[in-house]
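Undergrad: Respectively, the protein sequence lines represent chains L and B. Residue numbers for the first sequence follow full-length UniProt numbering, so the first one is 1 and each next one is one higher. Residue numbers for the second sequence follow full-length UniProt numbering, so the first one is 1 and each next one is one higher. Even for Gly, the Cβ is constructed at its ideal location relative to N, Cα and C. One structure is given below, represented as structure tokens, and several questions about it will come after.
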Amino acid sequence: MKKILLLCFALAVHYVAWAQSTVISGKVVDGTGEPLPGVSILKVNSTVGTVTDLDGLYTINAGPDDELRFSFLGFQPQTIRVGNSTEVNVVLQEDLTNLDEVVVIGYGSATKRELTGATSQVGGEDVQKMNMPRVDQALQGQIAGVNITTNSGAPGGTSNIRIRGIGTFGDNDPLILVDGVIYDAAGLNSLNPNDIESVNVLKDGTAGIYGVRAANGVILIETKKGNLGSKPRLDFDTYYGVQQTASKLDLLNAREYAILKNEAFAAGGQAMPFNNVELGEGTNWQDAVFQDAPIQEYNMTLTGGSEKTSYSIGGSYFSQEGIVGGPKANLERINARINFITEIAPRLKFTNVTLFTREMSSGLPQGGIGSVLYNTINAYPTEPLRVGDRYSYLNNVNDIINPLAQMENTYNDSWVNKLVGKEEIEFKINDRFTWTGRAGYNFAMVDFKAFNPLVWYGQGKFANSAANENLDPVLVDVGGVEIERGANVFESRNTFLDYNLETFLNYNQSFGEDHRVKGTFGLSLVGNRSEGLNGTGFNIPNNDLAFADISANQATGGFLNNTGSFQSSQRLTSVFVRGEYDYKQRYFVSAILRRDGSSNFGPNNRIGYFPAISGAWLISDESFFNSSAIDFLKLRTSFGVSGNDQIGLFRYRGLLNGSATYVFNDFIINGAAIGNTSNPDLKWETTYQTNIGLDFSLFENFDFTANYFVKNTKDLLFQPDVSAILGSYGPGGSPPVINAGDVTNSGLELELSYGTNNTTGANFRFGYNVTFVKNEVTAVPEGFEFIPGAGFSVGGNIATRFEKGYPIGYFIGYQTDGIFQTQEEIANSPVSQPGAQPGDLRFVDKNGDGVINFGDDSDREMIGSPIPNVVMGFNMNVDFKGFDLGANIYAALGQEIIRNYERQQIYANQLSYNIDRWTGPGTSTEIPRLTTGATRNNVFSDFYVEDGSFLRLRNVQLGYTIPNAITKRIGVQHFRFYLAANNLVTLTRYQGFDPDVGSGNPLFAGVDNGIYPQARSFMAGLNFKF
Amino acid sequence: MKNITKWFLFMSLWMGTACDSLLNIDPEFTQDAENFFNTKEDFDRAIIGVYDMMQPAYLNIWIGEIASDNAIAGGESVNDTRGLHEIENMTHGGVNQELRAVMRVNYTGIARANYIFENQDKIDFEGKELILAEAKFMRAYFYFNLVTYFGDMPLIVDRRISINEIPTTPRTPKAEIYAQIESDLEDAVAVLPATAGQVGRLTTGAAMALLGKVLLYQEKYTEASTVLGNLIDNNPGGYALFDDYSTMFYAANENVSEDVFTVQFSGLQGGDYGCLICLNGNAAVGFQGIRQYTGPFYADGNAYNLPTQDLYDSFADGDLRRDATVLNLDEFIAAQPNSDEITYGIGAGGHTGFFNNKYIKRQGEIGLPDDDLTSPLNYRVIRWADVLLMAAEAFQQSGNDGRARTELNKVRARVDMPAINSSGDALYQAILDERRYELSGEGYRFFDLVRTGQAADNISGFVVGKNELFPIPQVEIDLAGGNWSQNPGY
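Here's what the structure looks like:
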């Protein structure tokens, strides 16, 4: 905390008083005995004051009756009477409920006391101690109102950050600004969590200062900066750990498999495939696929500052291998950072931020049919891993391939070089006006190379690229000439530049004692430019990775080789103004207006205005307020309008980017067709948010924040199905993006923190946050009943929907009511269920017409929702005599997951719950019979929906800091070592690998296609400060 | 202070005006739909887009067979393409992805053709008439598909419609659509060349054949007999029956004299399940392949559209067309050397032991990955034998039994089947039966049974007065503003 807040140091002025005083000197230290530079010392009832130097030392002239007030941001101030001593040493205690902490709010800052909006902060330390490779992973469970779900646990796997629910059908990512530079959520991989000083989340309407990009909330990340007037300090942090899978599925072993398959075949009237079922355990594909994998990080930071210049320079190396695939699914990251702030001239400050990242990663197919884990789950245990010197073929199943062979044959590598920076000039024109101008840029060059060797996974597998087992190339007839189609390599280089140019003027003036006015006026231009070039080269020599480069291609006549390119630009121009007023630091009002123009919309609807107003009342400062228990009480409210312009480019106009190909003379000829259907009236979607919040502190140690919000998103941008007669459904075609549909998210967020601060005894800090969000679609476009989402199984029914009156992406299917036990039961049932046999699931006749209708939707109903009712996080830290223990728990409750990783093929392996199947009257009321014959048991019903609630111990850490007295002798200020574990315990009833099943598309959330699970890792680490 | 205020006023004014012009970005290297048709080449490219929409022919091959007594749906499970399983059982209703695809594909083809007509007067050039004639032919074909599936459908000609017009666009009576189809085809017959400049381009013969078929479906027998009779007599394309029926559906025997109206495919472009309508290969072929097959000659597929025992048994003894049309898999395997090494899988979507032997994945006729989807096998929409049988039917129904027998017996003679000498109703039935023997597996059976009133007798579950038409997908009714009435019975 103290590190950000040293500006006052530079402004401090020395006064000297002469009369009746002696020279008093002393040292100011913090609770751990470290000297505090920059502490201001003021003789009470005078203008005499000074500040401590780099070693925490000060001198001041004062008499024995004088009182000295020691104050420093982030610490509780102390007032001490000088007395007869000439040496006054002071220990300042950290202030855990600091209301003067400065929070970045967008084109300005405010103290916590002044805030009128709903924001949440997480300190860099709380991010770093999680030992997570990505910031978003580290934030899970740390902020009320922010729900983070995981798309994949693979190294470099992305998360979804959702602030206050899911507001739209399309892009729900918040606006992320790192030191004011736009960072897209997917690119967070390249940010080193150790570089982060603070994270601030703007959740309510006051985020409207960011206008048309703010509807999903705004996350402001500040990287570490140096402190003025501080000695150079070198931090070195490292950890090393081993990751493993936290869970495996309970699948059938070979014996169970053989018995169950025989039964299923017999029931289907087919010959039983296994004469002998005593096949023992058989092959455990999961054991073969999952492995232990290392994770490590080395991180070095140098910070310090002179009187006018401060710096923070860092470098780090991180590497992580995958628990599936090891080095085939890895992430390596090198970061360098130079942050530099200097006062060029009096009142003129220059800030430079430079972040460089190089990322190297590899990936395996994941998260769906054809992924390594999907194949692992469905591979049957009666097939060995290898046959002779090759991998086995799994010939009994269609399109399921040997996952080990698949991993070996996958070569995907990508390299990202990313340079993020900002140059900023701040000119303090006078006491009232400050002008800031800045340029930010985020440039990424992404290189990708995939080598696709000739492979053979057994007869008829779709993934085969060779003609046969001998890996002979397929012969292709090109214009009557047969040519070989050998191994190929795909390479691409894409560059992405995000830039922002901003200038704004801040105004700050007090009128008398009671009135204070602040104003901000600014202009901004934000844009991006992407370009890409790619190519594929065929017939790589010897089918060998060693020649996997386009330059090595030997394609006959170059016939099969191809190339591609793309380029795009996007711009946003904005003008914004903010006025703030407070009376006696007790009543606060703030108003924002932003005007945005976005190139994503046509001339009809390019410009939008986004207002917000907010206010706060500091009740505890009222004279009538008198409570010994409540130290601080503030009521806040805000209302604001913000927007979302995140759709594809040029969707307002019709382009000839459809696909038109036909075959003449046996050659494929390219033509032209309309791709995007235009909608010239397209505009941004608009979010109206109301927030009422309460902040209070109790007994000096408890901080409490509560927010209630209602967030209505209107004119949702989406691309619903349109009538076929519009003719939008050709190859490469897409229906128009329209503004239609409304979504409401309403909820309650509570944050509670508690901390003690003893220098001698045990210190205890904990934080708890909980969020309740209700999500409901309140309108769908004219003429629609619903928008279909994810499908169930292969070629199966649509299982999720966007529909009025329901949460986004809710699950729709048949509700079951046990199992038909006997033929009589079927015959006597008041509801006729076509094709039902004893042992089949008994479906509920929702529309009451006496028949289960499989041909339409009339008996299908809501059978689950992927959106949790409650999300909570719990953080704790205890330290005692050098030992520290920390833990972070995250829980999401009340959501459901669709079990969609079971391939409905007669020879595919199955989960072991099938052992408890129905085999005759009275044997099961839950799990249907097995058969290879036609059955409705595999239509989408609640049988495939599971409770997805879970509670996870995300991080637990035990550390010990060697006493300063000992480490000092070897020149080390601070030396700590620790043991940590991530994802040590997950409590859930969900059968799948990992209940944290996210999706970037809200209609695919909670659909588990065999998600790559988050690893459980055990780590040991060191922290040094020199 | 004053200076600052002035400066900011100036800045904001400048920003409000000048900066907004920064938003005028044009897409790079892409043509705008409203600024096209400026050159002959633009027209040439646009017509390719219309041709493209004939390639989703797999829908016709499947539905025309599976709805009839010829085939069951098959596949991995009853969930796998559920719409086809419902069509097989005549339990299909307003929710059916395949029927929706039929509607979407054909209307997209129509929209692409209309896009050309909308701009037809923009420039003049030599050869424009030909492109317009091709567009008319295909627009007629797409509308003909729509009327045979759904009956009355909105008729949109010569322009694209906007999304705002949809709620006020009614279903047009079938007769008006047929009138448009006939007029488009008559124009196409007049302009299209006798032989294609490039293999795969439409010809006057194709237009005459389709016109004859359209007339036949309307029971305009006299007119149909005139058109089809002319086609046979003048034979502009040099059409003839291909000698060897058994190998006629091999890739090697494509674009032969039998071909009158063919949709062309190529295996040279890969594809995936994400977009079946995007394929340049014939998706039906791989789908109809034998599941997990390891053995000679054939290649593995998804076991869709499996012929029934009823079809297999319907052929007369010695009719070589039985084995050319229906693959009796176990019999085939038993006849192979090392037959015990040949294996195949059975899908839970149904199994009859038979496979469509015309459009089936064979070794050596395989395209790029995913090769279940990229078969180079062309789809014969109308072939010469069909023309002869349609002519026979039209002549018989318009009172010329002699000519009917002549045309019928040409078809029979090719496969060495004895000539038919009957007349009247018996001859009529013989012609219809011959259509089953000759054309099964090619996607016409259901529509033949419906138009001849014989569906209820042959298809179990077929309800007269209902199943002659397919239901309009409910979602399409809703999307069109809910003003269309559903087809009777659904």
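Among the residues of its own chain, which have a CB less than 6 Å from the CB of Arg903/L, if the five just before and after it don't count?
TA: Asn378
Undergrad: Report the CB separation of Glu531/L from Thr495/L in whole angstroms; it is logged as a contact under 8 Å.
TA: That pair is a contact at about 5 Å.
Undergrad: Within 8 Å (strictly less), CB to CB, does Arg571/L reach chain B?
TA: yes
Undergrad: According to DSSP, is Lys422/L helix, strand or coil?
TA: strand
Undergrad: Going by alpha carbons, who is nearest to Ser423/B out of Arg436/B, Asp416/B, Glu442/B, Asn400/B?
TA: Asn400/B
Undergrad: Since Ile182/L sits in a beta bridge, which residues does DSSP pair it with?
TA: Per the DSSP secondary-structure output, Ile182/L pairs in a beta bridge with Leu177/L.
Undergrad: Runs of 4 residues minimum, wholly inside the region 117-193 of chain L: which ones carry the alpha helix (DSSP H) assignment?
TA: 124-128, 135-139
Undergrad: Do you know how far the Cα of Ala612/L is from the Cα of Gln296/L?
TA: 45 Å
Undergrad: Taking C-beta pairs closer than 9 Å, name the residues in chain L that Val260/B reaches, listed in chain order.
TA: In chain order: nothing, as chain L lies at least about 17 Å away.
Undergrad: Going along the chain, which unbroken runs of the alpha helix (DSSP H) with 4 or more residues stay wholly within the region 277-312 of chain B?
TA: 283-287
Undergrad: Apart from the five residues just before and just after Gly440/L, which ones in its own chain have a Cβ nearer than 6 Å to its Cβ?
TA: Excluding residues up to 5 positions away in sequence, Gly180, Val181, Lys422, Asn500 lie with their Cβ nearer than 6 Å to the Cβ of Gly440/L in the same chain.
Undergrad: Is the beta carbon of Ser109/L less than 8 Å from the beta carbon of Tyr58/L?
TA: no
Undergrad: For Asp300/B, go through chain L and note every residue whose CB falls closer than 7 Å to its CB, in chain order.
TA: Gln459, Gly460
Undergrad: Provide the residue span of the alpha helix (DSSP H) that contains Lys213/B, from first to last.
TA: 204-217
Undergrad: In chain order, what residues of the same chain have a beta carbon less than 6 Å from the beta carbon of Glu482/L, not counting five sequence neighbours either side?
TA: Leu475
Undergrad: Mark Val16/L as exposed unless 16 or more other C-beta atoms lie within 10 angstroms of its C-beta, in which case mark it buried.
TA: The pLDDT assigned to Val16/L is 33, lower than 50, so where the model puts this residue is not dependable; a value taken from the coordinates is nonetheless given after this. Exposed, since its Cβ has fewer than 16 Cβ neighbours within 10 Å.
Undergrad: Relative to the C-alpha of Asp856/L, which residue among Pro471/B, Asn35/B, Arg112/B, Arg403/B is closest?
TA: Pro471/B
Undergrad: If distances are taken between C-alpha atoms only, which option among Ile131/B, Thr168/B, Asn302/B comes closest to Val285/B?
TA: Asn302/B
Undergrad: Taking Gln397/B as the reference, give the member of Glu182/B, Leu216/B, Lys174/B, Asp313/B with the closest Cα.
TA: Leu216/B
Undergrad: Which bits of chain B does Thr905/L rub up against, with CB to CB less than 7 Å?
TA: The residue asked about is misnamed: residue 905/L is Gln in this sequence, not Thr. Within 7 Å Cβ-Cβ: Glu76.
Undergrad: Taking Ala616/L as the reference, give the member of Ala724/L, Arg595/L, Ala629/L, Val589/L with the closest Cα.
TA: Val589/L
Undergrad: Taking the alpha carbon of Gly74/B as the point to measure from, which residue in Ile346/B, Phe261/B, Glu223/B has its own alpha carbon closest?
TA: Ile346/B
Undergrad: So for Arg976/L, helix, strand or coil by DSSP?
TA: The answer is strand: DSSP assigns Arg976/L an E or B state.
Undergrad: Could you check the C-alpha separation between Tyr379/B and Leu716/L for me, to the nearest Å?
TA: 43 Å
Undergrad: Could you tell me whether the region 59-66 of chain L touches the region 27-37 of chain L, where touching means 3 or more Cβ pairs closer than 8 Å?
TA: No: fewer than three Cβ pairs fall under 8 Å.
Undergrad: For the region 714-741 of chain L, enumerate the residues whose C-beta is nearer than 8 Å to any C-beta of chain B, in chain order.
TA: Asp721, Val722, Ser723, Ala724, Ile725, Leu726, Gly727, Ser728, Tyr729, Gly730, Pro731, Gly732, Gly733, Pro736, Ile738
Undergrad: Can you check the region 341-416 of chain L for any alpha helix (DSSP H) of at least 4 residues that lies completely inside it and give the ranges in chain order?
TA: Counting only runs of 4 or more, we get 372-378, 403-409.
Undergrad: Output the distance between the C-alpha atoms of Lys3/L and Thr713/L, rounded to the nearest integer angstrom.
TA: Low confidence applies to Lys3/L: its pLDDT is 39, below 50, so where it sits in the model is not reliable enough to give any reading.
Undergrad: With DSSP as the reference, label Ile812/L as helix, strand or coil.
TA: Here Ile812/L carries a strand assignment [DSSP, helix/strand/coil].
Undergrad: Cutting at 6 Å between CB atoms, please list the residues of its own chain near Ile99/B, excluding the five before and the five after it.
TA: The residue asked about is misnamed: residue 99/B is Leu in this sequence, not Ile. Excluding sequence neighbours, Leu99/B sits near Phe470, Pro473.
Undergrad: Name, please, each residue of chain L whose Cβ falls closer than 9 Å to the Cβ of Val157/B.
TA: In chain order: nothing, as chain L lies at least about 12 Å away.
Undergrad: From the DSSP output, in three-state form, read off Met138/B for me.
TA: helix
Undergrad: How many angstroms separate the CA atom of Pro735/L from the CA atom of Asp681/L?
TA: 14 Å
Undergrad: In chain B, which residues lie less than 9 Å from Asn670/L when you measure between Cβ atoms?
TA: Arg45, Ile48
Undergrad: In chain B, what lies closer than 8 Å to Leu525/L by C-beta?
TA: At a C-beta separation below 8 Å, Leu525/L has these neighbours in chain B: Cys19, Leu22.
Undergrad: Check this for me: beta carbons of Arg164/L and Lys203/L, under 8 Å apart or not?
TA: yes
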